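Residue numbers (this note's numbering): 494 to 882.
Don't be surprised by glycine CBs; every beta carbon is placed ideally from N, CA and C.
Quick caveat: nothing in here was measured; it's all calculated off a predicted structure.
Some notes on the structure that comes next.
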Ligand code: SF4
């Protein structure tokens with residue numbers, strides 16, 4: 494798209510979440526289906542220049558301020574700390590610096606004491622670590638660079654630098670994972686007593702090398718050693734039990750937090766609050782429209798350098814789509830959604846489906862609120878499909 498993008502009509506003057514995408518990784522994990530990859534480090538500097546320019550140019554046309562910042566990827570912790578500081582400075586300069594939360598995604602093997610200190614000095618106050626497992630055989634089979642020991646030294650470095658809001662991701666369903674190794678990973682994670690935990694189920698699709706091998710056969714990525722769907726569901730349920738008894742609040746299908754530590758930035762996605770994304774493949778939503786930048790980082794950097802917009806997809810969210818989003822985003826939160834509010838805003842067109850799902854025990858109703866049945870979280874996609882039917 495070469496015409497100047499004119500989004501943000503709905504957020505002028507509002508507080509928004511700012512997301513920055515850094516799509517660079519050291520290696521490609523076998524299960525990864527994101528638009529990220531291994532690129533020459535010579536692209537990092539021009540890419541950061543482009544992100545800073547995109548932030549400044551976008552913000553010059555629209556009046557908004559940021560209350561949350563999230564630098565994700567990819568592996569943004571690979572960036573030189575000065576480059577990362579430039580991005581944060583650009584956000585602060587044009588969107589204000591009064592952030593309630595500023596997160597960096599970091600992989601354990603990239604975290605050092607020196608970097609952690611510089612991240613903290615740059616204004617970051619939350620780290621989301623891609624750990625996935627504490628078992629070296631699983632990590633190796635998945636193409637991860639770090640090993641169990643790296644996780645502990647990374648957490649120590651972060652604590653020493655003053656980070657007291659740390660999140661960790663685990664994946665249920667990695668090759669070579671067993672009930673025993675999963676229990677061990679959960680025990681190691683709980684032993685660290687971090688503020689936030691995310692548990693994802695392995696996604697099997699054409700977008701990853703492991704997913705293709707599971708779907709079409711092959712021996713290269715240990716597809717034969719991936720746990721069954723039933724085992725994965727069991728692992729997830731064990732995580733629910735153990736995290737609950739350790740005092741973590743399950744606030745979104747894949748996310749748990751100690752009281753007061755839910756991710757302020759990510760809540761915006763499920764609550765349909767505005768967020769603006771910068772960088773290759775970054776998505777944005779201003780309350781009325783959604784748009785996304787080109788995925789290819791070299792193309793993105795070149796477009797911004799030429800003074801073009803990097804937006805390649807844009808759509809005004811129709812009322813029907815907004816209505817659907819209220820359910821499939823809102824119901825990801827364990828607190829559920831206010832059906833009364835939705836019906837007042839959009840009419841009661843889905844009442845019949847909702848009643849059917851309550852009768853079948855997939856949804857629960859409490860006054861005006863509906864939520865997913867806590868025992869059916871592993872089949873939430875089926876509930877969403879029924880609702881959208
Ligand atoms: S899973 Fe994360 S670290 Fe691994 S390739 Fe994908 S984005 Fe990079």
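By the CB criterion at 8 Å, residue 584 and residue 543 fall outside the cutoff.
For the set 570, 691 and 593, the Cα lying nearest the Cα of residue 605 is the one of 570. The beta carbon of residue 763 sits closer than 6 Å to the beta carbons of 822, 825 and 826 from its chain, once the five residues preceding and following it are set aside; these are given in chain order.
Set against 7 Å, the gap from the CB of residue 529 to the closest heavy atom of the ligand SF4 is smaller. DSSP lists no bridge partner for residue 524. Pairing residue 695 with residue 661 gives a Cβ-Cβ distance that is not under 8 Å. Relative to the non-hydrogen atoms of the ligand SF4, the Cβ of residue 705 never comes closer than 7 Å to any of them.
The closest heavy atom of the ligand SF4 lies less than 7 Å from the beta carbon of residue 600.
With contacts defined as CB atoms closer than 8 Å, residue 651 and residue 609 qualify as a contacting pair.
In this structure, the CA atom of residue 637 is about 37 Å from the CA atom of residue 881.
Annotation for residue 671 indicates a beta carbon at 7 Å or more from all heavy atoms of the ligand SF4. Taking all protein chains shown into account, residue 779 has 16 or more neighbouring C-beta atoms within 10 Å of its C-beta and is therefore buried.
In the DSSP assignment, residue 771 falls outside any alpha helix (DSSP H) and within the unbroken beta strand (DSSP E) covering 768-771. Residue side-chain check: residue 770 keeps its Cβ at 7 Å or more from all non-hydrogen atoms of the ligand SF4. Per the coordinates, the alpha-carbon of residue 633 lies some 48 Å from the alpha-carbon of residue 845.
By the CB criterion at 8 Å, residue 523 and residue 531 fall outside the cutoff.
Membership of residue 749 in the beta strand (DSSP E) is indicated by the continuous run 748-750. Judged by the Cβ position, residue 603 fails to qualify as a neighbour of the ligand SF4 at the 7 Å threshold, every heavy atom of the ligand being at least this far.
Between residue 743 and residue 749, the beta carbon gap of about 5 Å places them in contact (Cβ cut-off 8 Å).
Residue environment: residue 705 is assigned as buried (16 or more neighbouring CB atoms within 10 Å of its CB, all protein chains considered). The closest heavy atom of the ligand SF4 lies less than 7 Å from the beta carbon of residue 566.
Residues of the same chain with a CB within less than 7 Å of the CB of residue 698, apart from the 5 flanking positions on each side, are 526 and 704 in chain order.
In this model, residue 829 and residue 862 are separated by some 6 Å (Cα to Cα).
For the pair residue 777 and residue 691, the CB atoms are not nearer than the 8 Å cut-off. Distance from the CA of residue 616 to the CA of residue 581, rounded to the nearest whole angstrom, comes to 8 Å.
Within 7 Å of the C-beta of residue 700 there is not a single heavy atom belonging to the ligand SF4.
Within the chosen limit of 7 Å, the ligand SF4 reaches the beta carbon of residue 623 through at least one heavy atom. Within the same chain, Cβ atoms closer than 6 Å to the Cβ of residue 619 are found at 594, 596 and 658, the five residues on either side in sequence being excluded. Rounded to whole angstroms, the Cβ separation of residue 512 and residue 565 is 7 Å, and the two are in contact under 8 Å. The beta carbon of residue 685 lies closer than 7 Å to those of 648 in the same chain, with the five residues before and after it left out.
At a Cβ-Cβ threshold of 8 Å, residue 639 and residue 602 count as neighbours. In chain order, 803 place their CB closer than 6 Å to the CB of residue 796, counting only its own chain and leaving out the 5 sequence neighbours on each side. The residues 819, in chain order, have a CB closer than 6 Å to that of residue 835 in the same chain once the five nearest residues on each side in sequence are set aside. Looking at the DSSP output, residue 782 sits in a beta bridge with 809. Per DSSP, residue 612 is one residue of the alpha helix (DSSP H) stretching across 606-614.
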